[in-house]
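Some notes on the structure that comes next.
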Amino acid sequence: MLKSNVIRSRLALIGQSAAGALLALAAVTSSAASTYPDKPIRVIVPFPAGGGTDIAARLIMPAFSKELKQSVIVENRAGAATVIGTEVVANAPADGYTLLYTSSAFTANASLMRKLSYDPLTSFYPIGCAALHPFVLVANPSVPANNLKELISYAKQNPGKLNYASAGPGSTQHLEMELLKRLAGLDIVHVPYRGSSPAMTDLLGGQVNIMFNGVSPTLAYIRSGKLKVFATDSNRRLELLPNVPTMAQAGVAGFNFTTWSGLLAPSKLPPEAKAVLDAAWKKAMAKPEVQKALAQRGLVPNYLSPSDFAQMLRKDKAQWAELVRDAHVQPQ
Numbered sequence: 055m056l057k058s059n060v061i062r063s064r065l066a067l068i069g070q071s072a073a074g075a076l077l078a079l080a081a082v083t084s085s086a087a088s089t090y091p092d093k094p095i096r097v098i099v100p101f102p103a104g105g106g107t108d109i110a111a112r113l114i115m116p117a118f119s120k121e122l123k124q125s126v127i128v129e130n131r132a133g134a135a136t137v138i139g140t141e142v143v144a145n146a147p148a149d150g151y152t153l154l155y156t157s158s159a160f161t162a163n164a165s166l167m168r169k170l171s172y173d174p175l176t177s178f179y180p181i182g183c184a185a186l187h188p189f190v191l192v193a194n195p196s197v198p199a200n201n202l203k204e205l206i207s208y209a210k211q212n213p214g215k216l217n218y219a220s221a222g223p224g225s226t227q228h229l230e231m232e233l234l235k236r237l238a239g240l241d242i243v244h245v246p247y248r249g250s251s252p253a254m255t256d257l258l259g260g261q262v263n264i265m266f267n268g269v270s271p272t273l274a275y276i277r278s279g280k281l282k283v284f285a286t287d288s289n290r291r292l293e294l295l296p297n298v299p300t301m302a303q304a305g306v307a308g309f310n311f312t313t314w315s316g317l318l319a320p321s322k323l324p325p326e327a328k329a330v331l332d333a334a335w336k337k338a339m340a341k342p343e344v345q346k347a348l349a350q351r352g353l354v355p356n357y358l359s360p361s362d363f364a365q366m367l368r369k370d371k372a373q374w375a376e377l378v379r380d381a382h383v384q385p386q
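Position one of the sequence shown corresponds to residue 55 (this note's numbering), numbered consecutively onward.
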């Protein structure tokens with residue numbers, strides 16, 4: 055009998071110890087979740103400093119940092135058409151301390167690259183879209199057209215005479231123009247460059263005739279008369295260029311091309327971190343000062359929730375695949 059009582063006492067003691075350990079573990083886990091983030095967060099931008107995506111990131115991050123009550127550090131990791139920086143995040147610990155702020159290249163590369171070490175739809179968690187990056191169709195003043203209808207008419211009457219600049223094969227400028235050529239039935243020669251800046255230089259100098267490019271790098275030249283502007287690829291007129299029609303308004307139906315930027319994380323992000331990041335991003339994007347700053351740079355604020363952003367990414371990937379195929383771009 056005495057032996058039986060001793061055994062029961064020992065079992066009770068063991069049970070109490072185990073319960074105490076579990077409570078302690080739960081307390082530690084809860085504490086860790088409630089204190090996220092407890093150190094600075096890196097946001098990788100897979101582009102050089104000064105580009106449209108980098109500018110958007112730096113305009114938004116101060117508000118994001120304030121909502122998180124933690125430092126947010128933007129780090130540029132350019133190279134290999136954004137693949138290098140994207141891989142950094144894909145391979146980072148899924149702890150919420152390494153995030154990716156990227157652009158449409160994120161989904162386009164699935165069609166432009168022969169092999170990627172990550173999948174844009176499954177390797178990342180989409181925290182939220184931030185902005186749309188409208189492009190405008192601009193021309194050297196020597197081009198004998200003053201609107202898109204006249205440009206199309208001239209190009210049809212002079213097949214192969216006009217040329218257009220791009221930042222390289224598979225770039226936004228390249229694929230947008232190929233879409234316009236297909237929809238309008240045009241023969242315009244592609245002149246690829248290594249980046250937008252040298253392409254713009256030759257456009258201004260008259261070495262090439264026309265080009266799609268972002269609003270920010272073209273705005274001053276449009277306002278000074280050094281470039282003509284025919285239309286924007288945005289689905290609505292731009293605040294900075296209210297007199298410039300959309301492609302549909304200018305007479306090209308079916309022109310559907312959207313470039314964007316947004317925030318993502320490694321796909322296995324803990325639920326607690328997801329909740330914190332989602333809420334902070336939504337609040338940051340709703341701030342009037344953030345929206346005003348983006349608009350002043352020619353960008354269109356366009357917050358999307360994680361589920362809506364995920365849906366957009368799926369559609370975007372499919373659209374890029376179609377454009378790359380129709381433009382006969384060979385994956386690298």
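Heads up, the beta-carbon is just placed ideally off N, CA and C, and yes, glycines get one too.
Computed from a predicted structure; not experimentally measured.
Residues in its own chain within less than 7 angstroms of Gly-214 by CB, not counting five upstream and five downstream?
Asp-241 and Val-243
Would you mind sorting Pro-252 into buried or exposed? The rule is 16 or more other CB atoms within 10 Å of its CB.
exposed
Simplified DSSP state of Ser-288, which is helix, strand or coil:
Here Ser-288 sits in coil by DSSP.
Sufficient close CB pairs (3 or more, under 8 angstroms) joining the region 190-206 to the region 366-382
no
According to DSSP, which residues form a beta bridge with Thr-6?
The chain is shown only over 55 to 386; residue 6 falls outside these bounds and no answer can be derived.
Answer with buried or exposed for Gly-104, where buried requires no fewer than 16 other C-beta atoms within 10 angstroms of its C-beta.
exposed
Tell me the residue span of the beta strand (DSSP E) that contains Ser-220.
217-220
Since Val-143 and Pro-320 should fall inside the 8 angstroms C-beta cutoff, what is the C-beta to C-beta distance between them, to a whole number of angstroms?
Right, their Cβ atoms sit about 6 angstroms apart.
Residue nearest to Thr-152 in terms of C-alpha spacing, selected from Ser-158, Ala-159 and Glu-141
Glu-141
The beta strand (DSSP E) enclosing Ile-95, as first and last residue numbers
95-99
Three-state secondary structure (DSSP) of Phe-266
strand
Could you tell me whether the Cβ atoms of Gly-224 and Val-383 are closer together than 8 angstroms?
For the 8 angstroms CB-CB criterion, Gly-224 and Val-383 form a contact.
Buried or exposed, going by whether 16 or more other CB atoms sit within 10 Å of the CB of Ile-114?
When all chains shown are included, Ile-114 counts as buried.
Label Gly-279 either buried or exposed according to how many other C-beta atoms from any shown protein chain fall within 10 Å of its C-beta, with 16 as the threshold for buried.
exposed
Taking the CB atoms as reference points, tell me whether Ala-327 and Tyr-90 lie closer together than 8 angstroms.
yes
Top-ranked residue by Cα proximity to Thr-286, from Glu-230, Leu-237 and Tyr-247:
Glu-230
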